[in-house]
Amino acid sequence: MSAPHAFPLEPTPIHVPGEVLDDLRARLTLTRPPLDEGNEDWSYGVPDSYLRELVAYWRDGYDWRKAEAAINAYEHYQVSVAGVPVHFMRKPGRGPRPIPLILTHGWPWTFWHWSKVIDPLADPAAFGGDPADAFDVIVPSLPGFGFPGPLTGFPDVNFWKVSDLWHTLMTETLGYEKYAAGGCDIGGIVSSQLGHKYADELYGIHIGSGLPLDFFTGPRAWDFARNRPLTDNQPADVRARIIELDHRSACHLAVHMLDGATLAHGLSDSPAGLLAWLLERWNAWSDNGGDVESVFTKDDLLTHTMIYWVNNSIATSMRYYANANRYPWAPAHDRTPVVQAPVGLTFVTYENPPDIHTAGERVQAFKSGPQGDWFNHVNVNAHDHGGHFIPWENPDAWVSDLRRTFHGRRP
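The opening position of the sequence shown corresponds to residue 22 in this note's numbering, with each subsequent residue numbered one higher.
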């Protein structure tokens, strides 16, 4: 086993002050629910009946200190990167030559959505794998998404600016000469930008979506439908799928890009309101068969919500969408494919486009379509189980796919 990389920082455990928890409990006690008749099926949004149940458990049963102890089972660090405060979680790799891997979450994710894959990636032998596949796992919080606290002084934060921060973090702050990157949702395009701009300093990237880097560019980038028409001659299943996907994401994209600051006034003041806004996405975007608690237990839902609440981070987290459009991505070079680093992808059929039905069709459509042309893809996979939160919902698939992406690419 080679000598481990000398880590240059001292860990700082997560700790939420007691007065923050007392304030939260008082706010939960004073929650005033809306009138919400006829919404037992969630067709108008999160039903009051279910949210009341969660709020009561949050107030009277949920134990943040227990969650905090589980989170602190890993190393946590806080560091300034180019003047921006950054929190990250780390699990040192156990193997002959672990390579550094930075995993980036999205919205409404937190760093803790990676918690199910950290251990097998860092210590594969403990899970029946090959120790030669070990990674030194670095899991940061996107600035403004949680710890180390409220983000100020960075009002124009967006995905490609975070990519530059991550590269500085990995190469200058932590001293890695070369590293790997992975991500989903916003973290997917953060990782893609790393693979575009810094390809020579990456072993490769592994992402959970194949969004092009200009996805948020243009005057109507807030329009999830992208002007795709609904026509009478479309097959019924295609038309139904288009409408289903619109309902799943259109409000989210439009509000966050156009009116996030207005919404944030309510969500920053009301923990119940914040929980409702996050919960709707966790329910709609996960492959849960109609039962969100089959994917996220009540404790899971509240732990992720707490990370937003205690850091007052909802406004800055939503700002990423508007800023991706207001400060649009521009290519760092004109070489093709745009993302030149080796790219692996993990898709799930729950997110299939309207005219795609199977995992095999999803892989083939990506490889032969315009999205595939953006990437130097070397390992494309699709799975029938799991939704938008792939490393949480189907961690075994994510781990095995990611390992395969980096086979033969280690030093």
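Using N, Cα and C, we set each Cβ at its ideal position, and we do this for glycine too.
Note that the structure is predicted; figures quoted are calculated from it, not measured.
Does residue i come out as helix, strand or coil in the three-state DSSP assignment?
i	result
residue 126	coil
residue 262	helix
residue 367	strand
residue 355	coil
residue 216	helix
residue 415	coil
residue 255	coil
residue 96	strand
residue 392	coil
residue 30	coil
residue 241	coil
residue 223	strand
residue 158	strand
residue 250	coil
residue 399	strand
residue 281	helix
residue 182	helix
How many angstroms separate the CA atom of residue i from the CA atom of residue j?
i	j	result
residue 98	residue 323	23 Å
residue 41	residue 133	20 Å
residue 239	residue 108	32 Å
residue 425	residue 400	7 Å
residue 391	residue 382	15 Å
residue 139	residue 415	13 Å
residue 250	residue 378	20 Å
residue 225	residue 181	17 Å
residue 32	residue 354	37 Å
residue 221	residue 352	16 Å
residue 51	residue 217	49 Å
residue 47	residue 431	52 Å
residue 196	residue 110	16 Å
residue 199	residue 211	17 Å
residue 184	residue 230	17 Å
residue 208	residue 83	29 Å
residue 271	residue 28	43 Å
residue 203	residue 114	16 Å
residue 267	residue 248	12 Å
Less than 8 Å between the CB atoms is what I'm expecting for residue i and residue j, so what's the real figure, rounded?
i	j	result
residue 201	residue 129	In fact, because the Cβ distance is near 25 Å, the residues do not count as touching under 8 Å.
residue 341	residue 179	6 Å
residue 295	residue 72	In fact, because the Cβ distance is near 11 Å, the residues do not count as touching under 8 Å.
residue 413	residue 137	6 Å
Find out if the Cβ-Cβ distance for the pair residue i, residue j is shorter than 8 Å.
i	j	result
residue 370	residue 380	yes
residue 333	residue 278	no
residue 119	residue 155	yes
residue 396	residue 358	yes
residue 214	residue 234	yes
residue 116	residue 152	yes
residue 37	residue 96	no
residue 301	residue 59	no
residue 274	residue 245	yes
residue 227	residue 365	yes
residue 259	residue 375	yes
residue 192	residue 161	no
residue 339	residue 293	no
residue 54	residue 44	no
residue 402	residue 422	yes
residue 80	residue 56	no
residue 343	residue 281	yes
In chain order, what residues of the same chain lie with their CB nearer than 6 Å to the CB of residue i, ignoring the 5 residues before and after it?
i	result
residue 269	305
residue 141	148 and 420
residue 172	164, 165 and 337
residue 158	112, 122, 139, 142 and 143
residue 407	308, 369, 414 and 415
residue 242	346
residue 361	220 and 397
residue 167	131, 328, 332 and 334
residue 146	152
residue 373	383
Please confirm whether any heavy atom of the ligand ADP lies closer than 7 Å to the CB of residue i.
i	result
residue 46	As far as ligands go, the structure on display features none, and thus does not contain the ligand ADP.
Please go through the same chain and pick out, in chain order, the residues whose beta-carbon is closer than 8 Å to the beta-carbon of residue i, but skip the five residues on each side of it.
i	result
residue 410	130, 134, 205, 303, 306, 307 and 316
residue 39	none
residue 104	174
residue 34	93 and 97
residue 283	none
residue 264	251
residue 75	296, 300, 319, 322 and 323
For residue i, which residues from the same chain have a beta carbon less than 7 Å from its beta carbon, with the 5 sequence-adjacent residues on both sides left out?
i	result
residue 102	186, 189, 190 and 194
residue 405	370 and 380
residue 30	98 and 100
residue 313	303, 304 and 307
residue 78	319
residue 326	295, 296 and 299
residue 350	181, 234, 235 and 238
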